[in-house]
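**Student:** Position 78 of the sequence shown, counting from 1, maps to 97 under my numbering, and the rest follow consecutively.
Here a beta-carbon is modelled for each residue, glycine too, at the ideal position from N, C-alpha and C.
A quick note: this is a predicted structure, and the numbers were derived from the prediction, not measured.
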Amino acid sequence: MNETYQDPSHPASFGGVGALHRALGRKVSRKEIKNFLEDVDAYTLHKSIPKKFPTNKVIVYSIDQQWQADLVDLSSLSKYNKGYRYLLCCIDVLSKYAWIVPLKQKRGKDILEAFKIIFSHRKPKFLQTDQGTEFENYFPKVSQGKQCEIFYNIQRYKRVNR
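1) If you check the beta carbons only, do residue 42 and residue 23 fall under 8 Å apart?
2) Contact check, residue 145 vs residue 84 under 8 Å by CB: the rounded distance?
3) Do the CB positions of residue 120 and residue 110 come within less than 8 Å of each other?
4) For residue 113, which of helix, strand or coil comes out of DSSP?
5) Would you call the CB atoms of residue 86 and residue 147 closer than 8 Å?
6) In chain order, what residues of the same chain have a beta carbon less than 7 Å from the beta carbon of residue 97, not counting five sequence neighbours either side?
7) Of all the alpha helix (DSSP H) runs that stay within the bounds of the stretch 73–152, which reach a length of 4 or more residues?
8) Excluding the 5 residues preceding and the 5 following residue 93 in the sequence, name in chain order all residues of the same chain whose CB lies nearer than 8 Å to its CB.
9) Identify which residue in 108, 117, 143, 155 has its Cα closest to the Cα of residue 128.
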């Protein structure tokens with residue numbers, strides 16, 4: 020099986036489970052081939068990753084009903100951006116209209132000032148963020164009495180690199 024997979028002149032070389040199964044004349048089961056390929060670096064490193072994953076539907080009925088907000092970390096590029104290390108990004112879920120405010124620090128007070136800039140234009144009924152302390156500590160105290168309700172996502176991954 021290894022010789023067939025590693026031989027560049029063979030039509031099934033460096034292919035998937037199906038190609039190797041056909042090339043071996045169906046003498047070896049698909050399960051055995053799959054187990055073999057899981058140990059081959061050339062296969063596991065270049066195997067396609069499924070892009071679909073389960074998500075909850077978000078249903079909104081009007082503009083400014085729900086916004087989503089998060090911080091983008093650009094600290095590695097701050098020397099090119101006049102010391103700005105973060106971007107506060109807000110997006111209206113229905114219209115996809117977005118606001119971006121640059122920040123030098125991500126303290127609660129700085130986040131609040133950035134939200135004041137954004138809220139001077141429009142205000143959402145619901146604001147959805149992650150569970151970062153920059154959102155959890157300061158913003159709920161200030162939003163009490165206002166018509167903006169904040170709720171948080173369950174954080175599955177600490178950091179996402181794309």
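**Tutor:** Let me spell this out:
1) Locating residue 42 in the sequence shown gives position 23, where the first residue counts as 1. Locating residue 23 in the sequence shown gives position 4, where the first residue counts as 1. Against a cut-off of 8 Å, the Cβ pair of residue 23 and residue 42 comes out as a contact.
2) Start at 1 with the first residue of the sequence shown, and residue 145 comes out as number 126. Start at 1 with the first residue of the sequence shown, and residue 84 comes out as number 65. Contact holds; Cβ gap of about 7 Å.
3) In the sequence shown, counting from the first residue as 1, residue 120 sits at position 101. In the sequence shown, counting from the first residue as 1, residue 110 sits at position 91. Result no, Cβ atoms of residue 120 and residue 110 do not sit closer than 8 Å.
4) On the sequence shown, residue 113 is found 94 positions in, with the first residue counted as 1. Of the three classes helix, strand and coil, the one that applies to residue 113 here is coil, per DSSP.
5) The residue given as residue 86 occupies position 67 in the sequence shown. The residue given as residue 147 occupies position 128 in the sequence shown. Yes, Cβ-Cβ distance for residue 86 and residue 147 is below 8 Å.
6) Walking along the sequence shown from the start, residue 97 turns up at place 78. These residues qualify, in order along the chain: 103, 104.
7) 127–138
8) One-based indexing of the sequence shown puts residue 93 at position 74. Counting only Cβ-Cβ distances below 8 Å, and skipping sequence neighbours, we find 100, 103, 104, 105, 106.
9) Taking the first residue of the sequence shown as position 1, residue 128 is located at position 109. It is 155.
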